[in-house]
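Worksheet: one structure, shown below.
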Amino acid sequence: MAAEGHSPLAQFEIVELVPIRIGGLDFSFTNSSLWMAVAVVMATLFLVASARPAALVPGRWQSLAEMSYEFVANLVRENVGAEGRKYFPFIFSLFMFILFCNTLGMLPYAFTPTSHIVVTLALALIVFIGVTVIGVAKNGLGFLRLFCPAGVPVFVMPLLIPIEIISYFVRPVSLSVRLFLNMMVGHTMLKVFAGFVVLLGFLGGWAPLAFIVVFIGFEVFVALLQAYIFTVLTCLYLHDALHPAH
Amino acid sequence: MGRFFLASLLPTAALAGAAKAAEGESAGLPQLDPSSYPAQLAWLAISFIVLYFLMARVALPRVAKVLEAREQHIAGDIETAERLKAEADAILAAYTKAIADARGAALAALKTASAEQAAETARRDHAFVAKLAERTAEAERKIGAAKNAALADIRGVAALSAGAIARKLAGLEVGNDRMAAAVAGILSTDRR
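Chains as they are written, first to last, in my numbering: chain A, 11 to 256; chain B, 164 to 355.
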């Protein structure tokens with residue numbers, strides 16, 4: 011196992027911190043759980059502590075908290091519409107959770123919960139199932155109009171409807187795989203190039219080190235972007251559910 | 164959700180597997196180990212639910228309150244500014260009106276004063292003319308009286324002179340009364 015410590019994939023290993031077994035299943039508190047909890051605490055602290063001054067003219071931290079609030083609020087307003095207000099706390103929590111999991115994962119020795127497909131798939135399925143349930147509850151059978159876009163010639167329908175149905179059910183997969191792969195590949199790349207630094211030593215190691223410096227900046231950008239993409243797509247799916255007729 | 168299904172979703176799984184194989188390890192991706200799934204899912208559910216309630220109940224209302232307070236403050240400020248502007252406009256209008264009124268009043272006062280002045284002048288003029296006429300009349304009356312008096316004296320003087328002339332030239336002694344009558348007779352014939 012000592013060799014695994016140097017593997018680029020070792021950073022994704024789940025390490026048990028507090029073993030918990032319930033009914034034969036393993037519900038241990040792991041490094042993944044720890045960093046999820048850290049993300050929850052940091053996200054809450056970020057908003058609550060930053061908004062505490064409640065100043066008329068906000069300081070830097072208060073501006074950041076207000077910006078994140080208005081950013082997601084605008085996202086919901088523009089992509090879902092006025093009916094989206096109800097779902098704003100959920101979408102905001104989703105955004106914050108992914109954002110903080112992604113960015114905290116950039117810290118050295120940190121674990122990135124969103125680099126695990128089971129986590130991203132679970133989030134995507136919550137969105138997918140939730141959106142479907144909302145769509146059916148709001149529109150009943152009218153929700154099926156989602157699969158047959160208006161203004162399409164009848165003879166295209168037999169081809170189009172299966173495509174629409176498939177693309178609908180692929181949504182949770184694409185949503186989760188996109189986030190998971192972006193997180194995993196970026197972190198793996200960093201680790202691989204970090205290995206090159208050690209391998210090439212003092213003389214040749216500078217080139218991969220410079221690459222890592224640039225790439226970390228890019229990875230932070232990806233961490234923000236993926237949280238944004240996940241949130242935007244959730245908003246668009248929610249819009250589809252509320253307005254199935256295009 | 165089986166392990167094979169997941170593996171088929173992951174194009175990089177093969178790549179990562181190859182990387183592992185190159186290092187001579189048999190273990191696959193940690194992400195594909197199903198024994199870790201219950202713990203991850205359970206803690207994901209716990210942390211996400213906790214986060215949701217913290218956001219929905221604590222954090223978001225606070226931020227929303229700050230934003231709303233600011234919006235209200237700005238709206239209030241704008242309202243105050245508009246109210247003050249309206250007040251300033253009203254004051255300006257009142258000022259302009261007061262100026263115009265004052266100018267009108269001044270013109271009216273000027274007109275009244277000049278009319279009064281003209282009336283006073285006319286009155287004094289009249290009084291002066293009247294007084295002048297009165298004095299003229301008085302003077303004429305006095306002149307007339309003096310003239311009459313002078314004329315009356317002239318008869319006496321003429322009678323005396325005629326008596327004296329008659330005494331010196333003819334040695335006649337004519338009484339004063341006869342002389343006066345004679346003078347009067349002559350004067351009255353002269354006047355005709």
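Every residue gets a Cβ at the ideal spot worked out from N, C-alpha and C, and that includes glycine.
query                                                                                                                         : result
Inter-stretch contact (C-beta, 8 Å, three-pair minimum) for the segment 247-254 of chain A and the segment 135-150 of chain A : yes
Inter-stretch contact (C-beta, 8 Å, three-pair minimum) for the segment 46-54 of chain A and the segment 222-236 of chain A   : no
Val-242 (chain A) to Asn-41 (chain A) span [Cα, whole Å]                                                                      : 29 Å
Whole alpha helix (DSSP H) elements within the segment 181-261 of chain B, 4-residue minimum                                  : 200-216
Those residues which DSSP pairs with Asp-36 (chain A) across a bridge                                                         : A:Arg-31
Interface residues of the segment 228-248 of chain A facing chain B [CB-CB below 9 Å]                                         : none
Test: Ser-103 (chain A) CB closer than 8 Å to a CB of chain B                                                                 : yes
Gly-180 (chain B), buried or exposed, once every other Cβ within 10 Å from all chains shown has been counted against 16       : Because Gly-180 (chain B) sits at a pLDDT of 45, beneath the cut-off of 50, its placement in the model cannot be relied upon, and the following sentence gives the value as read from the coordinates. Per the 10 Å Cβ criterion, buried.
Near-chain B residues of the segment 33-52 of chain A (beta-carbon distance less than 8 Å), N- to C-terminal order            : Leu-35, Asp-36, Phe-37, Ser-38, Phe-39, Thr-40, Ser-42, Ser-43, Met-46, Ala-47, Ala-49 and Val-50
Option in A:Val-187, A:Val-202, A:Val-25 and A:Trp-45 with minimal Cα separation from Leu-117 (chain A)                       : A:Trp-45
Residue of A:Val-224, A:Ala-64 and A:Arg-155 minimising C-alpha distance to Leu-170 (chain A)                                 : A:Arg-155
Neighbour list for Ala-219 (chain B) in chain A, Cβ cutoff strictly below 7 Å                                                 : Pro-99
Beta-bridge partners of Glu-301 (chain B), as assigned by DSSP                                                                : DSSP, once it has assigned bridges, lists no residue as partnering Glu-301 (chain B).
Counterpart residues of Glu-26 (chain A) in DSSP-defined beta bridges                                                         : A:Thr-40
Val-337 (chain B), DSSP secondary structure in three states                                                                   : coil
Whether Met-218 (chain B) touches Ser-103 (chain A) by CB criterion (8 Å)                                                     : yes
Endpoints, alpha helix (DSSP H) assigned at Lys-96 (chain A)                                                                  : Counting along the chain, Lys-96 (chain A) falls outside any alpha helix (DSSP H), and DSSP gives it neither H nor E.
Pick from B:Gln-194, B:Ala-205 and B:Leu-192 that is closest to Ser-43 (chain A), judged by C-alpha positions                 : B:Ala-205
Collapsed DSSP secondary structure at Pro-123 (chain A) in the structure displayed                                            : helix
Buried or exposed by the 16-neighbour rule on C-beta atoms within 10 Å, applied to His-236 (chain B)                          : exposed
8 Å Cβ cutoff met for Val-346 (chain B) and Arg-318 (chain B)                                                                 : yes
Range covered by the alpha helix (DSSP H) that runs through Ala-83 (chain A)                                                  : 70-89
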